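Asker: Sharing a structure with you now.
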Ligand SMILES: Cc1cc2nc3c(=O)[nH]c(=O)nc-3n(C[C@H](O)[C@H](O)[C@H](O)COP(=O)(O)OP(=O)(O)OC[C@H]3O[C@@H](n4cnc5c(N)ncnc54)[C@H](O)[C@@H]3O)c2cc1C
């Protein structure tokens, strides 16, 4: 929606057929209603063409294998999310996708506590979090308190 304010056309390529599956419904509805935004369901980018710069993006329908060339001068890639947490593996318990497990067996008061005492995780990187700005900020405010309490318990405050 932001790009559609200035771009002539915005093509959104998604590999499944339900725009609202991975985003807020209100936003999916705004995208569908926007005249300059074109959504290509069940498609993936398979080729980029151009001499000095990007000129065309070729998209392939993953169900029919049909290919279509879209004129484009810029490409913005957003394919899922992968947390950069492998360096924590071992001391800190991660879920199967690499998000940090918190509050395991610790009760509500320690909901941001990881499997290592004194290490807290908040925001998008936390397993099960809602991936929204307001909740990440809220998590942070609570975690500051939890860190403080941890330091008091450890006799360091
Ligand atoms: C395209 C897009 C649109 C979005 N739109 C909305 C929206 O409309 N409304 C909404 O509420 N949310 C939206 N979100 C989600 C929102 O951006 C996130 O929920 C929020 O930014 C999470 O905050 P965070 O602090 O947990 O993580 P981040 O904002 O990702 O911050 C994590 C930071 O940690 C840094 N970092 C990573 N690894 C390390 C390391 N090893 N050492 C030091 N630093 C490190 C990263 O560089 C980054 O700066 C959107 C996200 C995207 C990608």
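Numbering (the UniProt record's numbering), first residue to last: 1 to 157.
Using N, Cα and C, we set each Cβ at its ideal position, and we do this for glycine too.
A quick note: this is a predicted structure, and the numbers were derived from the prediction, not measured.
(1) What's the gap between the Cα of residue 66 and the Cα of residue 60?
(2) Kindly examine ligand 1 and report whether one of its heavy atoms sits closer than 7 Å to the Cβ of residue 124.
(3) Regarding residue 15 and ligand 1, is the C-beta to nearest heavy atom distance less than 7 Å?
(4) Can you find the residues in the same chain that come closer than 8 Å, C-beta to C-beta, to residue 93, ignoring five residues on each side of it along the sequence?
(5) Three-state secondary structure (DSSP) at residue 158?
(6) Helix, strand or coil, according to DSSP, for residue 81 in the structure here?
(7) Is it a yes or a no for the stretch 34 to 50 touching the stretch 64 to 80, going by three-plus beta-carbon pairs under 8 Å?
(8) Note down the Cα distance separating residue 42 from residue 156, rounded to an integer number of angstroms.
(9) Specify the secondary structure class of residue 24 as computed by DSSP and reduced to three states.
(10) How would you label residue 121, buried or exposed, when you count the other beta carbons within 10 angstroms and need 16 or more for buried?
(11) Measuring only the C-alpha atoms, how far is residue 37 from residue 78?
(12) Between the C-alpha atoms of residue 97 and residue 8, what's the straight-line distance to the nearest angstrom?
(13) Could you give the residue range of the beta strand (DSSP E) that holds residue 38?
Answerer: According to the structure data:
(1) Locating residue 66 in the chain shown gives position 66, counting from the first residue. Locating residue 60 in the chain shown gives position 60, counting from the first residue. Cα to Cα, residue 66 sits roughly 6 Å from residue 60.
(2) The residue labelled residue 124 in the question sits at position 124 within the chain shown. Yes.
(3) Here residue 15 is taken as the residue at index 15 of the chain shown, counted from 1. At a cut-off of 7 Å, the beta-carbon of residue 15 does not count as near ligand 1: no heavy atom of the ligand is closer than that.
(4) The count along the chain shown starts at 1 and reaches residue 93 at position 93. Around residue 93: 100, 101, 104, 114 and 115.
(5) In the structure as shown, the chain begins at 1 and stops at 157. Residue 158 is therefore absent and cannot be evaluated.
(6) As a first step, residue 81 must be located in the chain shown, where it is residue number 81. It is coil, neither helix nor strand.
(7) Yes: at least three Cβ pairs fall under 8 Å.
(8) Residue numbering aside, residue 42 sits at position 42 when the chain shown is read from its first letter. Residue numbering aside, residue 156 sits at position 156 when the chain shown is read from its first letter. Between the C-alpha atoms of residue 42 and residue 156 there is a straight-line separation of about 56 Å.
(9) Position 24 of the chain shown, counting from 1, holds the residue named residue 24. DSSP places residue 24 outside both helix and strand once states are collapsed to three, so it counts as coil.
(10) Residue mapping note: residue 121 aligns to position 121 of the chain shown, counting from 1. By the neighbour-count rule (16 or more Cβ atoms within 10 Å), residue 121 is buried.
(11) Here residue 37 is taken as the residue at index 37 of the chain shown, counted from 1. Here residue 78 is taken as the residue at index 78 of the chain shown, counted from 1. C-alpha of residue 37 to C-alpha of residue 78: approximately 16 Å in a straight line.
(12) Within the chain shown, numbered from 1, the residue matching residue 97 stands at position 97. Within the chain shown, numbered from 1, the residue matching residue 8 stands at position 8. When the Cα atoms are used, residue 97 and residue 8 turn out to be separated by approximately 37 Å.
(13) As a working mapping, residue 38 is identified with position 38 in the chain shown. According to the DSSP assignment, residue 38 belongs to the beta strand (DSSP E) that extends over 37 to 40.
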